[in-house]
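Working notes, structure below.
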Amino acid sequence: MLRIEKIDTNSKSDVRRFVSIPYRLYQNNPYWVPPLYIDAEMQLNRKKHPYYEHSDADFFIAVRDEKVVGRIAVLENRPFNQYHGTRKANFYLFECENDLEVARALFNRAAEWALSRKLDQLVGPKGFGALDGYGMLIEGFEHRQCMTMTNYNFDYYPVLMEALGFEKEVDFVSCYLSADVFTLPERIHRIAQRVQDRGTLTVQRFQTKKDLKAWAPRIGKAYNKAFVNNWEYYPLTDNEISFLLSNLLTVADPRLIKVITHGDEVVGFLFAFPDLSAALQRARGRLLPFGLIDILLEMRRTDWVAINGAGILPEYQGRGGNALLYSEMEKTIKEYKFQHADLAQVAETAVQMRSDLVNIGGKPFKNHRVYRRAL
């Protein structure tokens with residue numbers, strides 16, 4: 002007998018039932034990277050996660066013969082809908098055994114939730130904030146997940162989605178870049194240098210997290226402006242920006258974060274992170290007893306870098322800003338002797354950025370699809 006249960010987010014045991022599902026499903030999968038339990042549980046914390054200051058979500062599990070066999074979260078992001086003039090519900094954190102009956106029951110419950118709020122579409126995977134990976138993996142199952150900045154799932158997931166009547170909303174492509182082939186034309190570096198010599202744009206570099214934290218408000222303001230034309234955009238609140246940057250700082254090497262300024266205004270940024278996926282896999286979701294130490298050591302061991310957040314305000318893109326951004330990207334990869342870069346999740350609607358990544362040697366190697374279904 003299959004039943005759907007709603008999770009009580011005030012119950013620690015209920016929350017743990019929900020968050021523990023993928024640890025069992027993917028326990029023998031070499032490509033899945035487990036989130037830390039503390040981070041996974043934060044998404045269900047209505048008192049601490051800034052998403053709940055303006056929006057709502059509920060969480061459901063599928064149970065058959067007292068065994069949990071699937072889960073789903075369904076969300077109503079009110080600022081997103083208000084900004085875009087839509088009435089969309091989002092689904093996220095969907096996990097399921099290869100069983101269409103289970104998947105259908107979970108999505109039927111999500112649809113009921115959405116309809117009760119007079120929402121007219123179910124769209125996802127799309128989560129609680131800018132750090133939550135977009136989409137369901139449809140290509141690149143043989144590649145390891147990029148920390149928890151992107152999602153990983155089994156190859157039967159897209160089959161289930163199509164069987165349930167979902168269709169494509171938008172794809173997010175990640176590109177692989179080898180340090181061996183990443184050499185920009187000299188003219189790009191000349192343009193970048195010329196822009197700096199003129200004093201038009203300046204690159205701010207950081208040595209400590211304290212230095213970087215001092216720039217957080219200005220970075221957040223630029224983040225809100227740089228992605229205004231992106232599919233996933235809505236104006237982040239001050240608390241969401243603080244939460245976002247605080248989470249970034251936990252995995253950041255400040256030397257890899259670059260900020261481009263025009264006077265005192267932040268007009269661009271490059272967020273690069275040492276890829277800690279291997280250490281996170283060994284930690285299995287726990288910082289203690291050895292997970293934290295291993296993660297700190299992995300920051301110096303890894304030869305992979307994740308680039309997840311690169312942008313220039315539109316008004317500076319034709320004024321040497323792009324050249325400066327990519328020049329700094331090459332310097333970052335080569336100066337710190339990374340051999341591999343994962344340029345994570347560029348929406349297919351960001352035509353210029355995708356073209357730029359291919360031109361600098363990036364090869365698409367993972368594709369995540371956001372699905373939609375009318376209600």
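Quick note, this note's numbering runs 1 ahead of the 1-based positions in the sequence shown. Beta carbons are placed, not taken as given, at the ideal position from N, Cα and C, and that holds for glycine.
Residue i and residue j closer than 9 Å at C-beta
i              : j             : result
serine 328     : leucine 178   : no
glycine 312    : alanine 227   : yes
asparagine 309 : glutamine 353 : no
methionine 148 : aspartate 276 : yes
tyrosine 235   : tyrosine 135  : no
glycine 292    : arginine 302  : no
isoleucine 261 : leucine 271   : yes
proline 80     : leucine 281   : no
valine 196     : alanine 342   : no
valine 34      : tyrosine 158  : no
lysine 169     : arginine 370  : yes
leucine 288    : isoleucine 39 : yes
tyrosine 317   : histidine 263 : yes
Proximal residues to residue i (C-beta, below 7 Å), its chain only, five neighbours per side dropped
i                 : result
phenylalanine 339 : Ala180, Asp304, Trp305 and Val306
alanine 41        : Val20
asparagine 368    : Ile139, Glu140, Gly141, Asp172 and Val174
asparagine 447    : Summary: the structure shown does not reach residue 447, with the chain confined to residues 2 through 376, and so no result is reported for it.
glutamate 266     : none
aspartate 212     : Pro255
glutamate 102     : Leu3
isoleucine 334    : Ala180, Phe183, Val306 and Ala342
asparagine 82     : Arg88 and Lys89
methionine 300    : Asp254, Pro275 and Leu277
proline 290       : none
Contacts around residue i, its chain only, beta-carbon distance under 8 Å, and the 5 residues preceding and following it disregarded
i             : result
methionine 92 : Looking at the sequence provided, one finds phenylalanine at residue 92 rather than methionine. Here the set comprises Ile73, Ala74, Val75, Leu76, Phe108, Ala111, Leu123, Val124, Gly125, Pro126 and Lys127.
arginine 18   : Ile8, Ile62 and Val69
aspartate 59  : Lys7, Ile8, Ala74, Val75 and Trp114
asparagine 1  : Any answer about residue 1 is impossible in this case: the structure gives the chain only from 2 up to 376.
Nearest-angstrom Cβ-Cβ length linking residue i and residue j, presumed shorter than 8 Å
i                 : j              : result
valine 69         : isoleucine 22  : 6 Å
phenylalanine 61  : isoleucine 139 : With 8 Å as the limit, phenylalanine 61 and isoleucine 139 do not qualify as a contact, their Cβ atoms being about 24 Å apart.
phenylalanine 173 : aspartate 156  : Not really, about 17 Å apart at Cβ, beyond 8 Å.
arginine 320      : threonine 203  : Not a contact, Cβ separation roughly 13 Å.
alanine 348       : valine 171     : 6 Å
valine 257        : isoleucine 220 : The sequence given here has leucine at residue 257, not valine. About 14 Å; that fails the 8 Å criterion.
alanine 104       : leucine 165    : 6 Å
Spatial neighbours of residue i in its chain, beta-carbon cut-off 6 Å, leaving aside the 5 residues before and after
i                 : result
phenylalanine 167 : Tyr372 and Arg374
aspartate 57      : Glu77
arginine 118      : Glu77
phenylalanine 129 : Gln44 and Tyr52
arginine 145      : Tyr32 and Ser278
glycine 322       : Gly269 and Ile313
histidine 55      : Arg79 and Pro80
alanine 193       : Ala324, Leu325 and Ser328
isoleucine 296    : Leu277 and Ala280
aspartate 15      : Ile8 and Asp9
Residue of the options minimising C-alpha distance to residue i
i              : options                           : result
lysine 13      : Tyr27, Asn46 and Met2             : Asn46
glycine 363    : Met2, His50 and Cys176            : Cys176
lysine 332     : Phe81, Met2 and His190            : His190
leucine 344    : Leu358, Thr238 and Asn29          : Leu358
glutamate 233  : Glu67, Gly71 and Lys89            : Lys89
cysteine 1     : His50, Leu26 and Leu213           : The structure shown has nothing for residue 1, since the chain only spans 2 to 376.
arginine 206   : Ile296, Ala273 and Arg285         : Ala273
threonine 209  : Arg195, Thr251 and Asp239         : Thr251
glycine 71     : Gly292, His50, Leu37 and Ala106   : Ala106
isoleucine 162 : Val182, Met137, Tyr153 and Met150 : According to the sequence provided, residue 162 is methionine. The question's isoleucine does not apply to it. Taking only the C-alpha atoms, the option nearest methionine 162 is Met137.
histidine 50   : Asn231, Ser243 and Ala115         : Ser243
lysine 214     : Lys259, Phe183 and Ile192         : Lys259
glycine 86     : Glu102, Glu113, Phe95 and Leu120  : Leu120
asparagine 360 : Ala193, Val267, Val182 and Asp198 : Val182
lysine 222     : Asp239, Asn231, Lys211 and Asp212 : Asp239
asparagine 99  : Pro315, Ala193 and Val160         : Val160
asparagine 29  : Glu67, Arg285, Glu336 and Ala131  : Arg285
aspartate 66   : Glu113, Asn82, Asp295 and Met2    : Met2
leucine 94     : Glu102, Asn82, Asp133 and Leu101  : Asp133
glutamate 241  : Ile294, Met150, Ala131 and Asn231 : Ala131
Chain D contact for residue i (CB, 9 Å cutoff)
i                : result
phenylalanine 95 : The chain inventory of the structure shown lacks chain D, comprising one protein chain alone.
Near the ligand MG: residue i beta-carbon under 8 Å from a heavy atom
i           : result
tyrosine 93 : For the ligand MG, the structure offers nothing, since it holds no ligand at all.
Completely contained alpha helix (DSSP H) runs for the segment 190-228, where each covers 4 or more residues
210-215 and 217-227
With a floor of 4 residues, list each alpha helix (DSSP H) that falls wholly inside the segment 286-337, ordered by position along the chain.
292-302 and 323-336
At 3 residues or longer, what runs of the beta strand (DSSP E) sit wholly inside the segment 134-183?
137-140 and 168-179
Secondary structure, alpha helix (DSSP H): runs of 4+ residues fully inside the segment 62-140
79-85 and 101-117
Secondary structure, alpha helix (DSSP H): runs of 4+ residues fully inside the segment 241-278
none
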